[in-house]
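Protein chains in written order, with full-length UniProt numbering: chain A, 1 to 546; chain B, 1 to 546.
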C-alpha cells in the first residue's frame with residue numbers, strides 16, 4: 001500500500017461541504033470522505049505552521065521534539081516519518097511545503113553535509129525532496145524570508161513571467177491601474193491574481209504530485225503539501241469571484257470576550273492582524289478569496305483523484321487530507337491562528353484506507369479525540385510496521401478505520417510558544433515563559449499559560465462557540481484541577497527514552513546476571529553454580545606476601 | 001583554568017570525616033573541603049550509575065536526555081560537557097568510568113563511525129578517552145557484561161597477573177585455602193584482595209590521571225572517574241582490616257518501614273540484595289571493606305593533590321569531588337541504591353575554585369539545594385562561557401563559591417526508571433509505568449510512582465531518618481499537593497528547544513517583517529514604505545485576458 005498524505009495550509013475544519021459549510025461546495029473532499037472516515041475532533045499539537053508540521057512529521061509533541069515555533073530548527077537526529085517508513089521498506093517523499101529549518105549547527109557538530117543522502121534527509125525533515133517549496137517568497141529590505149531557491153518561482157520564470165519574484169508579482173498579486181496590487185494587502189483580496197490559473201500554485205503542485213506518482217516505486221509515502229489556502233489571500237480567475245458577501249458568515253465573536261480577557265488573549269486581540277480582521281471590510285474581502293482558494297484546492301484534488309482512479313493507484317493508496325492549523329478569519333476578534341479556539345486548533349482529517357478491512361466505515365464520521373501526531377503512527381502501521389511507541393507519541397487510527405472501538409486517550413494536548421513574537425515582550429516575559437498549553441477532554445478546554453497568569457477554561461457543551469472563559473471567576477475549580485492533573489500526567493510522559501523500546505527492555509531483564517553481575521551474593525549458594533563458575537577455582541598465584 | 005572533575009562510584013555523602021563520619025578519617029577529602037566549599041545538600045538526578053552519569057555529563061535531567069537506566073544508550077547528538085567545553089576552547093578528557101552506552105543504531109542512521117573523531121566522541125559521551133574503563137568486568141555463562149577491552153585488565157596482564165580476567169581473579173578476589181575467594185560474595189569482603197596494593201584499581205587510575213595531567217595542553221577538563229568504592233566490596237592490604245565491627249554503625253532502619261510499605265519500596269525491601277543487607281553478618285563484613293575502599297581513595301586523592309601542589313597546577317585547577325549516588329548498606333532494609341532515601345540519592349559535593357573570587361568561602365559549607373546537573377553549568381562558566389540554559393538544565397554554582405546568595409531553586413528532582421528490573425514485572429507494570437520521581441524542597445520529600453500507586457512523603461525536619469511515610473495515611477494532603485505542583489511545573493519545563501537560545505529568540509523578533517512577511521496589511525499604510533516596496537510598482541504584464 002502507498003500513502004498519499006495531503007496537507008493544506010491554514011485550512012479550517014469547517015470550510016468543507018462535508019463538514020457542513022453552507023456555501024462552499026467541495027465535492028472532492030467529500031468524495032474522499034465518502035470513501036473513508038472523517039474525523040470530526042482532530043487537533044493539531046501546535047496551531048502554527050512550523051511547529052505543527054514538526055509534530056506531524058515526527059509523531060511527537062512540540063515539547064518533545066523542541067521545534068516549537070516557525071524557524072526553530074528540528075534537532076539533528078530527531079526521528080521522522082522518513083526514518084520510520086524506510087525501516088518498513090517504504091520510500092518517503094516530499095512534494096511541497098514543510099516549513100522545516102535544518103539544525104545546521106547540529107549537522108556541523110556531527111559532520112553531516114546536506115550533499116549526502118543522510119545529510120540531505122536531516123536537512124529536509126527526513127523526506128527525500130521531489131520538490132520542496134514552502135510557498136512564502138516574501139521579500140523586504142533585508143532580503144528574502146526564505147533563502148532557498150524556489151522551484152515554483154523557477155517554474156513561473158520558465159513560463160515567461162517577467163519578474164525576479166513572480167510568486168509575489170503575479171501568483172500573489174492582482175493588477176490595479178497597471179500597477180501591482182499585492183495580495184499581501186487585504187484590500188486587493190477580491191482581485192483576480194494576475195496569473196494563468198493553470199500556473200498558480202495549487203495546479204502546479206498537483207502536476208508535480210502526479211508526475212511523482214507516475215514514476216514512483218511502490219510502496220511510497222508522498223507528502224503532497226500545498227501552501228494554499230494560506231495567505232496571501234488572492235486567487236486567480238475564475239475563483240476570485242465565485243463567492244461574495246452573501247457567503248461570508250457573521251464573525252463568531254462576542255463582546256463578553258473583551259471583558260477582562262486573559263492577558264495573552266487580550267494581547268492577541270490587540271495585535272495588527274486582529275485589528276484588521278475586526279474590520280468588516282477585511283472579512284468581506286478576505287473570506288471570499290479564502291473560499292476561492294479552497295475551491296481551487298478541491299478542484300485540483302479532483303484532478304489528483306481522477307488520476308488515481310484512472311491509473312488504478314486508488315486501489316492500493318491510503319489518502320489522507322488534513323491541515324496544519326486553521327484560520328480565525330475574525331472569529332473571536334482574531335486573525336491568523338496561534339491560539340486554541342476551535343477555528344485555529346481543530347483541523348480537517350479525512351482518511352481513505354483502500355483495504356477491505358475498512359469497508360465497514362466508509363462514508364462515516366468518527367468523533368474520537370484525534371491528535372495530529374496520530375498520523376505518523378497510522379502510517380507506520382499502514383506500512384506494515386509496529387509503531388515504535390517509545391519514539392512516536394501518537395496512536396494509530398487504523399482501529400477506528402476498521403470500525404473497532406479502541407480504548408482511547410482521555411485528553412488532547414496542544415502547545416504554543418510565542419517567545420519570538422512581540423507579545424512576549426509586551427507581556428514582560430522571558431522567552432521561556434512565553435508558552436501556552438491546551439488540555440481538551442472533548443468537553444472542557446483548559447489553557448495554561450506559563451509566566452504566572454491564570455488559566456482559561458471553556459465548556460464546549462454549554463458554550464460551543466467558546467465565548468465564556470469560565471476561569472475569569474473563581475468557579476469550576478474542580479474542572480480546572482482535573483485538567484491540570486491531565487497536564488501534569490502528560491508532563492511526566494516518557495518522551496525521550498528513544499533508544500530503548502518497551503520490548504527491548506522486557507527482553508533485557510536478567511541478562512546482566514548471566515554476564516556475571518551478581519551484587520547480592522552472600523556466599524554464592526543463592527544462584528546456580530553456572531552463574532558463579534567464572535569466579536571459583538584454584539587461585540593461580542598469591543600476592544599476599546609481596 | 002583547568003577542571004579536575006573527580007567522581008567516585010557509590011560513595012555515600014556521609015562516609016567522609018568532613019561530613020561527620022565518626023570513624024573514617026579522610027584527610028584528603030577534608031583538605032579539598034578546607035580549600036573550597038562543601039555542598040551539604042547535593043542530590044543526583046537518578047540514583048543509579050548510568051542514568052546519573054548521563055545527567056552529570058549532559059547537565060540535563062534523565063527525562064530530558066532519555067538514558068534513564070544503565071545501558072540505555074544516550075541518543076546520538078545529545079550535547080555533553082565535551083560539546084560545551086570545547087566550544088569555550090577547553091579540552092575534555094576521560095580517565096576512567098562513564099557507564100555510557102553509545103547509540104549505535106542512531107550513529108548508523110547518521111552514518112557516524114567511531115573511527116572518526118566526531119564518531120568517537122559520540123560513542124564516548126563527548127569525552128576524548130585517555131583511558132576508558134568502566135570497572136565492571138563481570139563474566140558469566142553468556143560472556144562479559146562489558147564487551148569492550150579493559151585497559152585495567154591489560155595493565156594487570158602486563159604486570160604478570162596470570163589470568164584472562166585478573167580484575168575478577170585478583171583485584172576483586174581474595175584467597176582461601178588456595179582457591180579464589182571472589183569479592184562478589186559478601187562472605188569474602190573481609191579478606192585482602194589478592195593483588196599488590198599499587199596494582200589495584202584506585203592507584204592505577206590515579207597514576208593514569210597524573211600521566212594525563214603531565215602532558216595535557218591547558219585549559220583542560222579531566223573527568224577522573226573511579227570505580228571504587230563500588231562493589232565488589234574487597235580491598236587489598238593494608239585497607240582490608242583497618243576497620244572492624246566497632247566501626248560499623250547500626251543500620252538506620254525501623255520496623256515501621258515494613259508496615260504497609262509503599263508497593264515499590266516493599267518490592268525493593270524483598271529483593272535479593274536487600275535480604276542480604278538485612279543480615280547483620282553481611283553488614284559486618286561489607287561495611288569495613290567499603291570503608292577501606294574509601295580510605296584507599298582518600299590516600300590516592302592525597303597523591304593526586306600532592307602532585308598538583310608540586311607541579312603548580314593547584315593554582316589554576318578547579319577540583320570537584322563527587323559521586324554518582326550512594327549506597328544503602330542496610331539502611332532502610334535495603335542494599336545498593338535505586339530509591340530516594342538520603343543514603344542513596346544524596347552525594348558528596350566538594351568544589352575547590354582556585355580563583356581569588358572564591359577566597360571568602362574557603363573551608364565553608366553551603367546548604368543550597370544542589371542538583372548534580374549544576375556541575376555542567378558550573379564548568380561552562382568556569383571555562384569562561386555563558387551557560388547555554390536552553391540545553392543545560394542545571395545552574396552554575398559559581399555564585400555560591402563566590403559567597404553570593406543567588407535566588408535559587410525551590411525543589412530538586414530525581415528520577416528512577418526500574419523498567420528493566422524484575423520489580424517491574426513483579427508489580428505487574430508495563431515498562432513505561434515503572435518510573436519514580438522524587439521532589440524534594442529541602443524539608444519535604446515526595447516520591448511519585450507511575451502505575452497508579454499512592455505517593456510517598458517524608459518530612460526530614462521532624463523525621464530526618466525518613467522512617468515515617470506520611471502518605472500512608474490521609475494526612476498532609478496540602479504538602480502532597482504542593483510538591484505535586486512542583487512536579488507538574490517541572491514537567492512543563494523547556495527541555496528540548498535546544499536549537500534556539502533565549503538570546504537568539506529575542507534577537508529574531510521582527511525580522512520576518514523586514515523580509516517581507518506582512519500578513520496584517522489592509523492597504524499597506526500600516527508600515528513604512530520600505531517594507532512594502534518589493535510589492536509595489538508597475539505590473540510588468542497582465543495575464544487577465546489570457
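Using N, Cα and C, we set each Cβ at its ideal position, and we do this for glycine too.
Here residue 535/B carries a helix assignment [DSSP, helix/strand/coil]. Sequence-distant Cβ neighbours of residue 256/B in its own chain, meaning closer than 6 Å and more than five residues away, are 467.
Using a Cβ distance threshold of 8 Å, residue 383/A and residue 219/A count as a contacting pair.
Beta-bridge analysis with DSSP links residue 352/A to 319/A.
Residue 4/A is a Cβ neighbour of residue 224/A, given a cutoff of 8 Å.
For the segment 5-17 of chain A, the set of residues with a beta-carbon nearer than 7 Å to any beta-carbon of chain B is empty. Annotated as proximal: residue 19/A and residue 348/A, with beta-carbon spacing under 8 Å. Where residue 91/A is concerned, the enclosing beta strand (DSSP E) starts and stops at 91-96.
If you draw a straight line from the Cα of residue 357/B to the Cα of residue 432/A, it comes to about 31 Å.
Here residue 534/A is buried, its C-beta having at least 16 other C-beta atoms within 10 Å.
Close CB contacts of residue 445/B within its chain, under the 6 Å cut and outside five residues either way in sequence, are with 458 (chain order). Apart from the 5 residues on each side of it in sequence, residue 480/A sits with its Cβ closer than 7 Å to the Cβ of 446, 455, 457 and 471 in its chain, given in chain order. If only uninterrupted beta strand (DSSP E) runs of at least 3 residues are considered, those enclosed by the segment 220-275 of chain B are 220-225.
Residue state for residue 277/A is assigned as helix, using DSSP reduced to three classes.
The secondary-structure analysis by DSSP pairs residue 448/A across a beta bridge with 437/A. Under a criterion of Cβ atoms nearer than 7 Å, the residues of chain A adjacent to residue 185/B are, in order, 521, 522, 523 and 524. At a C-beta separation below 9 Å, residue 144/A has these neighbours in chain B: 515 and 516.
Ranking 293/B, 281/B, 47/B and 346/B by CA distance to the CA of residue 236/B puts 293/B first. In the three-state reduction of the DSSP assignment, residue 186/B falls in the helix class.
Of all residues in the segment 385-402 of chain B, those with a C-beta nearer than 9 Å to a C-beta of chain A are 389 and 390, reading in chain order. Relative to the Cα of residue 27/B, the nearest Cα in the group 345/B, 40/B, 133/B and 296/B belongs to 296/B. Under the three-state reduction of DSSP output, residue 106/B falls in the helix class. DSSP places residue 206/A in the uninterrupted alpha helix (DSSP H) bounded by 201-215. The C-alpha of residue 508/B lies about 25 Å from the C-alpha of residue 522/B. Between residue 316/B and chain A, the shortest Cβ-Cβ separation is not below 8 Å.
Judged by DSSP secondary structure, residue 417/A falls within the beta strand (DSSP E) whose first and last residues are 412-417. Only residues of its own chain outside the window of five on either side were considered, and among them 12, 251, 277, 283, 286, 287, 290, 335 and 343 have a CB closer than 8 Å to the CB of residue 329/B, listed in chain order. For residue 154/A, the uninterrupted alpha helix (DSSP H) run begins and ends at 151-158, by DSSP. Each residue's CA atom was taken as its position, placing residue 415/A and residue 516/B some 27 Å apart. Residue contact with chain B for residue 202/A: absent (no Cβ-Cβ distance below 8 Å to any residue of chain B).
Identification of chain A residues near residue 364/B by a Cβ-Cβ cut-off of 7 Å yields none; the smallest Cβ-Cβ distance measures about 32 Å. Counting along the chain, residue 53/A sits inside the alpha helix (DSSP H) bounded by residues 49-58. Nearest CB-CB separation between residue 130/B and chain A: not below the 8 Å threshold. Here the alpha carbons of residue 94/A and residue 78/A stand approximately 18 Å from one another. With fewer than three CB-CB distances shorter than 8 Å, the segment 486-500 of chain A does not count as touching the segment 236-247 of chain B.
Residue pairing from DSSP places residue 459/A in a beta bridge opposite 444/A.
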